[in-house]
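Take a look at the structure below.
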Amino acid sequence: MIKFKIVKKSKKSGARIGILKTPHGEIETPTLVPVATQAVVKTLTSEEAEAAKCQILIANTFHLHLKPGEKIVKSAGGIHKFMNWRHPLMTDSGGFQVFSLGFGHDLGVGKISAPSFGKNKDAIIDKNAQPKKVKITSGGVYFKSPIDGRELFIGPRESIKIQEAIGADIIFAFDECTPPLSTKSYIETSLRRTHDWAKICIASHKTNQALFGIVQGSKFKDLRGESARIINSLGFDGFGIGGDLGESKADTKKIISWVLPHLEESKPRHLLGIGKIEDIENIVKSGIDLFDCTVPTHYGRRGIAFVSSGLPAVALAKAGKLNLNKSVFLKDKKPLDSKCACSVCQNYKRSYIAHLLKAGEITAMRLLTFHNLHFFNTYVEKVREKIKNGLI
RNA sequence: GCGCAGGUGGUAGAGCGGUCAAUUACAUCAGACUGUAAAUCUGACGCCUUCGGGCUACGGGGGUUCGAAUCCCUCCCUGCGCA
């Protein structure tokens with residue numbers, strides 16, 4: 038079980054400071070939840086993830102079900118022991134894979150609306166549309182294993198059962214992450230399924246792991262409101278907010294504002310899959326306590342370092358991002374970020390990391406992943422400080 | 001010195017009379033990435049352009065042909081073998 042205590046509420050915004058107590062320790066919210074899909078923060082050991090100030094991680098039901106299978110994880114003594122992570126853990130339910138391996142794969146798009154979709158207007162997903170490799174039914178979802186093509190079925194009961202075997206502190210209800218480019222009619226159909234599944238998840242859940250329900254409804258105000266009311270009424274321990282969150286930061290803020298008033302205030306709220314640096318303060322001010330995002334780790338493996346401002350214009354892809362693949366950095370003897378206290382910035386120079394990237398050395402990814410996580414976690418720490426000091 | 005095999009864009013390496021400014025890979029440059037099928041994907045990559053096209057290119061020189069990176073002659077260079 039978890040206990041969530043709100044320590045401070047901002048007078049200036051919806052932001053709040055909380056303490057989330059789990060069987061594997063306490064964490065302070067708001068916090069980033071770095072992604073450890075396959076029971077690992079890619080390229081790092083669990084000790085390193087801890088040293089990068091990660092408080093809690095999220096692993097994935099679908100991926101762990103495929104590899105190594107939940108039985109293996111369970112027989113290792115649960116996911117904490119399996120991966121040697123002594124802090125809190127979550128598992129995502131596999132609901133995102135309904136989208137990412139389904140319509141997301143077919144259309145080559147992410148879950149968030151983008152202006153570039155304008156040219157893709159023909160690809161609208163209407164009421165009874167089905168993705169190519171995934172079959173979505175009222176009872177659950179038939180996947181084709183990306184590993185060997187074999188069919189596997191995951192519905193709400195299956196997802197909960199797998200998550201119970203994996204043994205994270207917090208688990209999520211099985212939902213359908215809805216695709217952008219879909220009609221309201223499709224979202225309505227999908228939302229009914231997600232709500233039915235939510236009830237089944239509650240009913241079939243047997244352990245004392247915390248179970249979070251997921252609010253869907255895409256970018257439709259009435260559907261977000263309806264979803265929030267229903268999910269709130271079912272007695273979950275906390276909430277996830279998923280699906281499309283609009284094209285702009287303003288849209289995201291608006292959509293969160295349609296949802297949160299309907300959710301029991303004392304329970305934690307997790308925004309699923311959002312967390313670029315420029316998003317963080319906005320979503321926290323909207324009242325979000327937890328948010329997971331692949332950006333720090335994923336971008337790190339692509340050669341991108343997140344940094345404080347104040348860099349020469351030529352070096353910046355965009356403000357706060359450094360692309361170490363660029364040859365100019367081979368001659369750059371500064372640390373990734375001169376204001377960063379992480380061990381990478383204390384011990385290594387841009388020149389060396391750029392060299393490692395060009396040489397195809399995996400250590401480049403390790404160093405960048407570590408730095409990025411440290412950078413994000415420090416950034417969120419500062420956001421918490423701002424709330425505590427009444428600044429936001 | 002003789003014999004054989006070669007010399008193609010930053011590199012490797014295709015092409016072997018027209019559809020070749022030249023397959024492909026790597027390198028380079030630019031861009032993307034938000035509950036991770038992701039150490040990935042996309043685009044550019046001779047020079048100039050009023051975007052129609054123009055110009056210079058496949059070791060050097062000379063030829064054959066309507067037309068040559070592709071055929072012939074010659075010179076230079078490289079590798080291997082024999083002296």
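Per this note's numbering, the first sequence starts with residue 38, numbered consecutively. No residue lacks a Cβ here, since even glycine has one placed at the ideal position from N, Cα and C.
Rounded to the nearest whole angstrom, the CA to CA distance from I43 to I54 is 6 Å. Looking at A52, Y336, H124, the one whose alpha-carbon comes closest to that of L297 is A52. Residue environment: L373 is assigned as buried (16 or more neighbouring CB atoms within 10 Å of its CB, all protein chains considered). With fewer than three CB-CB distances shorter than 8 Å, the segment 332-342 does not count as touching the segment 233-252. Exclusion of the five residues before and after R266 leaves H299 as the residues of its chain whose Cβ lies within less than 6 Å of its Cβ. Its Cα nearest to that of L393, the residue L361 stands out among F180, L361, L94, T128. Counting the other Cβ atoms within 10 Å of the Cβ of G177 gives 16 or more, which makes it buried. With fewer than 16 neighbouring CB atoms inside 10 Å of its own CB, P152 falls in the exposed class.
Note on geometry: alpha-carbon atoms of S83 and G62 lie some 16 Å from one another.
Contact annotation: the segment 269-281 does not touch the segment 184-204, with fewer than three C-beta pairs closer than 8 Å. Judged by beta-carbon spacing, E213 lies within the 9 Å limit of V135, meaning their Cβ atoms are closer than that value.
When the five nearest sequence neighbours on each side are left out, the beta carbons in the same chain lying within less than 6 Å of the beta carbon of G280 are those of C214, T215, Q253, S255, in order along the chain. No Cβ-Cβ contact shorter than 9 Å links A378 with T331. Contact annotation: the segment 121-130 touches the segment 94-108, with at least three C-beta pairs closer than 8 Å. In the assembly as shown, S227 is a buried residue. Its beta-carbon has 16 or more other beta-carbons within 10 Å. Excluding the 5 residues flanking it on each side, I208 has same chain C-beta neighbours closer than 6 Å at T128, Q200, Q246, L248, in chain order.
Its chain contains Y179 as the residues whose beta carbon lies nearer than 6 Å to that of K172, once the 5 sequence neighbours on both sides are disregarded; these appear in chain order. Inclusion of S388 and C382 in the CB contact set at 9 Å is not warranted, their separation being larger than that value. For the options E195, E225, G186, the alpha carbon positioned closest to that of D163 is the one of E225.
The alpha-carbon separation between I390 and A401 amounts to approximately 6 Å. Linking I311 to V72 through their CA atoms gives a straight-line distance of about 11 Å.
Cβ contact annotation for T68 (same chain, cutoff 7 Å, sequence separation greater than five): Q92, I93, L327, V417, in chain order.
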